[in-house]
Amino acid sequence: MSAIEIDGSVLEGGGQILRTALALSAILGKPIRVFNIRARRSNPGLQQQHLTGVLAAARIANAQVIGAVKGSTELTFKPGRIGCGGFRFDIGTAGSVTLVIQTILPILVFAPCESTVTITGGTDVPWSPPIDYVRFVMLPMLGLFGVKAEVRLVRRGHYPRGGGEVVLTVRPSELRAVNAVEFGNL
Numbered sequence: 001m002s003a004i005e006i007d008g009s010v011l012e013g014g015g016q017i018l019r020t021a022l023a024l025s026a027i028l029g030k031p032i033r034v035f036n037i038r039a040r041r042s043n044p045g046l047q048q049q050h051l052t053g054v055l056a057a058a059r060i061a062n063a064q065v066i067g068a069v070k071g072s073t074e075l076t077f078k079p080g081r082i083g084c085g086g087f088r089f090d091i092g093t094a095g096s097v098t099l100v101i102q103t104i105l106p107i108l109v110f111a112p113c114e115s116t117v118t119i120t121g122g123t124d125v126p127w128s129p130p131i132d133y134v135r136f137v138m139l140p141m142l143g144l145f146g147v148k149a150e151v152r153l154v155r156r157g158h159y160p161r162g163g164g165e166v167v168l169t170v171r172p173s174e175l176r177a178v179n180a181v182e183f184g185n186l
């Protein structure tokens with residue numbers, strides 16, 4: 001099967017196109033080739049948090065990966081069967097744990113059993129959603145769609161040191177449509 005080609009410089013050209021492409025590739029079982037990854041950024045290519053997301057997705061999806069090195073602007077990802085269980089990923093910097101969660105959460109929703117993932121890095125860092133957004137906004141909204149996931153904050157980590165730790169638990173979920181027309185309380 002030939003890889004789906006994705007130009008990573010399209011629109012804002014940041015890491016989100018890579019995170020979404022990895023998740024969809026793993027879920028659909030279709031290989032991808034992403035090129036021009038973060039090409040117009042002052043520090044183009046994969047940074048440590050992107051690389052950790054790639055390696056985490058690869059481990060969970062039993063994928064073969066070419067180009068998974070820091071600074072790479074091209075990546076090929078050939079997913080296998082989605083696995084489950086216990087995982088641990090250390091970004092090694094103050095890179096955002098929430099961006100790694102954005103990569104792997106959709107994959108784990110379609111895993112055959114419950115998974116518990118420990119991620120260390122930055123929990124509250126510039127240019128990324130803070131961990132409290134994931135805990136109190138994103139996951140409750142995804143819960144409306146049937147996603148069964150929770151994040152436990154073990155320790156906060158900030159730029160430049162990182163050192164934060166979270167534990168993500170995801171149970172296999174059957175997605176459903178939602179009619180979200182009522183306002184919640186603040």
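At position 143 of the sequence shown (counting the first as 1) the number is 143 in my numbering, and the numbers step up by one without a gap. The C-beta atom is built at its ideal place from N, Cα and C for all residues, glycine as well. Nothing here was measured: the structure is a model prediction, and the numbers come from that model.
Straight-line gap, F136 to L175 (C-alpha atoms, nearest Å): Position 136 of the sequence shown, counted from the first residue, corresponds to residue 136. Position 175 of the sequence shown, counted from the first residue, corresponds to residue 175. For F136 and L175, the distance between alpha carbons rounds to 20 Å.
S72 versus A111, I82, R41 and N62, residue with shortest Cα-Cα distance: Counted from its first residue, the sequence shown places residue 72 at position 72. For the residues A111, I82, R41 and N62, the minimum Cα distance to S72 belongs to R41.
Secondary structure of R40, DSSP reduced to three states: Within the sequence shown, residue 40 is the residue found at index 40, counting from 1. If DSSP states are grouped into helix, strand and coil, R40 belongs with coil.
Uninterrupted alpha helix (DSSP H) stretches inside the stretch 84–147 (no shorter than 4 residues): 97–109 and 139–144
CB contact flag (S2, N36, <8 Å): Position 2 of the sequence shown, counted from the start, is the residue given in the question as residue 2. Position 36 of the sequence shown, counted from the start, is the residue given in the question as residue 36. Contact flag unset, no.
Of the listed residues T123, T20, L46 and D7, nearest to R161 (C-alpha basis): In the sequence shown, the residue the question calls residue 161 occupies position 161. It is T123 whose Cα lies nearest to the Cα of R161.
Beta-carbon contacts of V125 that lie in its chain and below 6 Å, excluding the five residues immediately before and after: Working through the sequence shown from its first residue, we reach residue 125 at position 125. Within the same chain, V125 has close Cβ partners A94, S96 and Y159.
Collapsed DSSP secondary structure at L75 in the structure displayed: Indexing the sequence shown from 1 puts residue 75 at position 75. In the structure shown, L75 sits in a strand (DSSP, three-state: E or B).
Rounded separation between L75 and Q102 - CA only: Locating residue 75 in the sequence shown gives position 75, counting from the first residue. Locating residue 102 in the sequence shown gives position 102, counting from the first residue. When rounded, the distance between both Cα atoms is 18 Å.
Beta-carbon proximity of I82 to A26, cut-off 8 Å: Translated into the one-based positions of the sequence shown, residue 82 becomes position 82. Translated into the one-based positions of the sequence shown, residue 26 becomes position 26. Yes, the Cβ-Cβ distance between I82 and A26 is below 8 Å.
Top-ranked residue by Cα proximity to G13, from G45, A58 and E114: Here residue 13 is taken as the residue at index 13 of the sequence shown, counted from 1. For the residues G45, A58 and E114, the minimum Cα distance to G13 belongs to G45.
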